[in-house]
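Numbering (this note's numbering), first residue to last: 640 to 972.
Cβ atoms here follow ideal geometry from the backbone N, Cα and C, with glycine treated the same way.
Only one structure is covered here, and it is reproduced in the block below.
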Ligand code: GLY
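Right, dumping it as structure tokens:
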């Protein structure tokens, strides 16, 4: 990740969690706090005196109360800014620990060991940290780049099928935002290519003022589907359906041709991901939720493909969005 004085390495491979002591030594940290949502045998020793804190993955724990509890434990342990905090878990854990690290003594180095595919290809890389408020997801956060990220593919071996699919949604959408065709590649290469793409985008627009929006391809409808179903639709599944929808909406706005629309469907289906709208959610509710998307400054806003590439499209007419939703294939249950 090329970010000047805040540049860092994302190590990707089988067994790379064993690099942790080396990474910690290179940072010059004397002590570490390891916050882990994984069992001890999957949580590497940092190689310096450390405090281990057990955590749990899950949106219900991703809140300011958890951040406050973590910060208190860091203080009790006497952790200084010259030490290091290590997160080991899924995206909700890397997000929460990353925010706590950004706040402890106004910023303490953090190393992420993402243990889900979703966290490896997206959440742990790029420095966005946040927690939820009762009013909505990710509403309180900070940009706090990690000092290193270790994406150990061995940790994915025991993930349930559905959790893997959750990450594949983010890999699939890379096809439309500048990645080569990743579909038939080994998982290691898919992760490496997705992270490389994200690193290029973040290096060019760390603070989300333009280009970084493209990482949210398929996310406007995806987030709405997650929320409308009380998160029964997982993030990656929502992004998959949202990607198919983004192709159709771009077509309805005259931005792309039918072959590219079909490509959206085929790429998503090629990963075994859902392409149909889920049953039991009204289009009106989805439109209302999409209006509250973080990219929006008022009107309906989407990241869409077009003749000059992918870009943010604002103030899309509601009738076009509604008609495109109505034309989507729909699961019956
Ligand atoms: N997950 C989107 C971003 O990091 O900007």
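Check, Outcome
"Going by Cα to Cα distance, which pick from 862, 813 and 822 is closest to residue 838?", "813"
"Is residue 965 buried or exposed, if buried means 16 or more other CB atoms sit within 10 Å of its CB?", "exposed"
"Roughly how many angstroms separate the alpha carbons of residue 778 and residue 698, rounded to a whole number?", "13 Å"
"Output yes or no for whether 7 Å exceeds the beta carbon distance between residue 789 and residue 655.", "yes"
"By Cβ distance below 6 Å, which residues in the same chain neighbour residue 761 in space, the five residues on each side in sequence not counted?", "809"
"From residue 848 to residue 905, what does the alpha carbon distance come to, in whole angstroms?", "31 Å"
"Quick one: does the C-beta of residue 817 sit closer than 6 Å to a heavy atom of ligand 1?", "no"
"Output needed for residue 683: all residues of its chain with C-beta closer than 6 Å, excluding positions within five of it in sequence on either side, in chain order.", "656 and 659"
"Confirm, please, whether the CB-CB distance from residue 915 to residue 969 is below 7 Å.", "yes"
"Is residue 650 helix, strand or coil when you go by DSSP?", "strand"
"With distances taken between CB atoms, is the gap from residue 949 to residue 853 smaller than 7 Å?", "yes"
"Buried or exposed: which applies to residue 685, given that a residue is buried once 16 or more other Cβ atoms fall within 10 Å of its Cβ?", "buried"
"Under 6 Å: does the beta carbon of residue 586 sit that close to some heavy atom of ligand 1?", "Residue 586 lies beyond the residue range present for the chain, which begins at 640 and ends at 972; the question has no answer from this structure."
"For the beta strand (DSSP E) that residue 691 lies in, which residues bound it at each end?", "689–693"
"Sort 785, 770, 780 and 774 by Cα distance to residue 763 and report the nearest one.", "785"
"Do you know offhand how far residue 751's Cα is from residue 909's?", "30 Å"
"State whether the stretch 930–947 contacts the stretch 852–869, with contact taken as three or more CB pairs (one from each stretch) at a distance under 8 Å.", "yes"
"Look up residue 791 in the DSSP assignment and give the residues it is bridged to.", "652"
"Are the CB atoms of residue 843 and residue 836 nearer to each other than 7 Å?", "no"
"If you scan the stretch 688–738 from start to end, which runs of the beta strand (DSSP E) of 3 or more residues do you find wholly inside it?", "689–693 and 723–728"
"So does residue 854 have its beta carbon nearer than 6 Å to some heavy atom of ligand 1?", "yes"
"Excluding the 5 residues preceding and the 5 following residue 878 in the sequence, name in chain order all residues of the same chain whose CB lies nearer than 7 Å to its CB.", "808, 809, 812, 857, 858 and 861"
"Nearest-angstrom Cα distance between residue 912 and residue 930?", "25 Å"
"What residues in its chain sit with their C-beta under 7 Å from that of residue 716, if we drop five residues either side in the sequence?", "672 and 690"
"Could you tell me which whole beta strand (DSSP E) segments of length 3 or greater appear in the stretch 738–785?", "749–753, 767–772 and 775–782"
"Taking DSSP as the reference, what is the three-state secondary structure of residue 882?", "helix"
"For residue 801 and residue 866, which I take to be in contact (beta-carbon distance under 8 Å), what is that distance rounded to the nearest angstrom?", "The Cβ separation is near 19 Å, so there is no contact."
"Residue 825: which of 650, 719 and 792 sits nearest, CA to CA?", "792"
"Classify residue 946 as buried or exposed, calling it buried when 16 or more other Cβ atoms lie within 10 Å of its own Cβ.", "exposed"
"Count the other C-beta atoms from every protein chain shown that fall within 10 angstroms of the C-beta of residue 885, then say buried if there are 16 or more, exposed otherwise.", "buried"
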